[in-house]
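Participant: In this note's numbering, the protein residues as written are 1169 to 1432.
All C-beta atoms, glycine included, are put in the ideal place defined by N, C-alpha and C.
1. Evaluate residue 1407 with the Cβ neighbour count: other Cβ atoms within 10 Å of its Cβ, from every protein chain shown; 16 or more gives buried, anything less gives exposed.
2. Out of 1416, 1307, 1419, 1388, state which residue places its alpha-carbon closest to the alpha-carbon of residue 1404.
3. Report the start-end ranges of each alpha helix (DSSP H) in the stretch 1343 to 1393 that is 4 residues or longer and not cut off at the edges.
4. Start and end of the alpha helix (DSSP H) containing residue 1287?
5. Give me, in chain order, the residues of the same chain whose beta-carbon lies closer than 6 Å to that of residue 1367; leave out the 5 immediate sequence neighbours on both sides.
6. What three-state label does DSSP hand residue 1246 in the structure shown?
7. Let me know if residue 1322 comes out buried or exposed under the rule of 16 or more other beta-carbons within 10 Å of its beta-carbon.
8. Going by the CB atoms, is the gap between residue 1257 and residue 1347 shorter than 8 Å?
9. Using the Cβ count rule (16 or more neighbours within 10 Å means buried), how would you classify residue 1422?
10. What residues are listed by DSSP as bridge partners for residue 1334?
11. Quick check: the Cα distance between residue 1418 and residue 1261, rounded to an integer number of angstroms?
12. Taking the straight line between their C-alpha atoms, what separation do you get for residue 1364 and residue 1229?
13. Just grab the DSSP bridge partners of residue 1403 for me.
14. Does the Cβ of residue 1416 have 16 or more other Cβ atoms within 10 Å, making it buried, or fewer, making it exposed?
15. Could you confirm whether any beta carbon from chain C is found closer than 8 Å to the beta carbon of residue 1318?
16. Report the CB separation of residue 1466 from residue 1302 in whole angstroms; it is logged as a contact under 8 Å.
17. Distance, Cα to Cα, residue 1354 vs residue 1378?
18. Once DSSP output is grouped into helix, strand and coil, what is the label at residue 1241?
19. Taking the alpha-carbon positions, what's the residue 1274 to residue 1427 distance?
20. Keeping to the same chain, check which residues put their C-beta closer than 6 Å to that of residue 1263; ignore five residues upstream and five downstream.
21. To the nearest whole angstrom, what separates the beta carbons of residue 1341 and residue 1401, a pair I think is in contact under 8 Å?
22. Kindly identify the DSSP beta-bridge partner or partners of residue 1324.
23. In its own chain, which residues sit with a C-beta less than 6 Å from the C-beta of residue 1248, not counting the 5 before and 5 after it?
24. Can you tell me whether DSSP reads residue 1278 as helix, strand or coil?
Here's what the structure looks like:
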């Protein structure tokens, strides 16, 4: 990649010296594919841990001021790369189109996986930023709470965390709590024709405004999924939930995760 960039710049200089003018759109397209400087790991005022600001996505629901920079929580730095997960739930969605309708689905075939690596990736990152998001093996990990079919390992740029990873990086449930963005709430309300419930029966006042959010680990039965509750505890779809599909909304938080290349 670096040799191609150097060669391209040499050609630009030669053409410029020869009086050849490049089209404006060609220069723009070229500049967007240059490998940009790596993002810095930093801290955020009033928050514990390390963060990276990278990419942009609509969050404040003010469409006139454009998308906001995405804040990512750093979970691990290894081999020149950082594993990150979004600080906020950037959308409130189901993990798959019709829950429990198809028991053959796993993370490999979930709708949310296709959305993350397609529509979301295109919306959130420039061509230059995409060069820093490697394609990695996402493992179908066993978990003691799940007896369902795991499915296959996948190759993804963007993914959801597993319960195993969450317990490894966030052993304390308080660190798992998450709130959705204003844009995510607005999309939920438009899609469902109702206000997003910012609390549920049985939760403490301090958990108000938090959301449940999906992970890629399957739940109790084939085709199901697991999630993190508003209070940071682990939950999963079980057979009892099937009786609630007509009365309970499963549009839960989406917290994209990925590795970011930090090498120069």
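Facilitator: Walking through what the data contain:
1. Residue 1407 should be labelled exposed.
2. Cα-wise, what sits closest to residue 1404 is 1388.
3. Taken in chain order, the unbroken stretches of alpha helix (DSSP H) that lie wholly in the stretch 1343 to 1393 and span 4 residues or more are 1350 to 1360.
4. No alpha helix (DSSP H) holds residue 1287; DSSP gives it neither H nor E.
5. For residue 1367, where only same-chain residues beyond five positions count, the Cβ hits under 6 Å are 1376.
6. Residue 1246 falls in the strand class under three-state DSSP.
7. With 16 or more other Cβ atoms from the protein chains shown falling within 10 Å of its own Cβ, residue 1322 counts as buried.
8. Result yes, Cβ atoms of residue 1347 and residue 1257 sit closer than 8 Å.
9. Buried: at least 16 other Cβ atoms inside 10 Å.
10. Under DSSP, residue 1334 shares a beta bridge with no residue.
11. Cα to Cα, residue 1418 sits roughly 7 Å from residue 1261.
12. Their Cα atoms are separated by approximately 15 Å.
13. Under the DSSP definition of a beta bridge, residue 1403 partners with 1395.
14. Under this definition residue 1416 is an exposed residue.
15. Absent here is chain C; the protein component of the structure consists of one chain.
16. What is shown of the chain runs 1169 to 1432, which leaves residue 1466 out entirely.
17. Near 15 Å, if we compare the C-alpha coordinates of residue 1378 and residue 1354.
18. Strand.
19. Their backbone Cα atoms lie some 22 Å apart in a straight line.
20. Hits under 6 Å: 1278, 1280, 1382, 1393.
21. Residue 1341 to residue 1401, Cβ: 6 Å. Contact.
22. Paired residues: 1304.
23. Same-chain partners within the cutoff: 1430, 1431.
24. If DSSP states are grouped into helix, strand and coil, residue 1278 belongs with coil.
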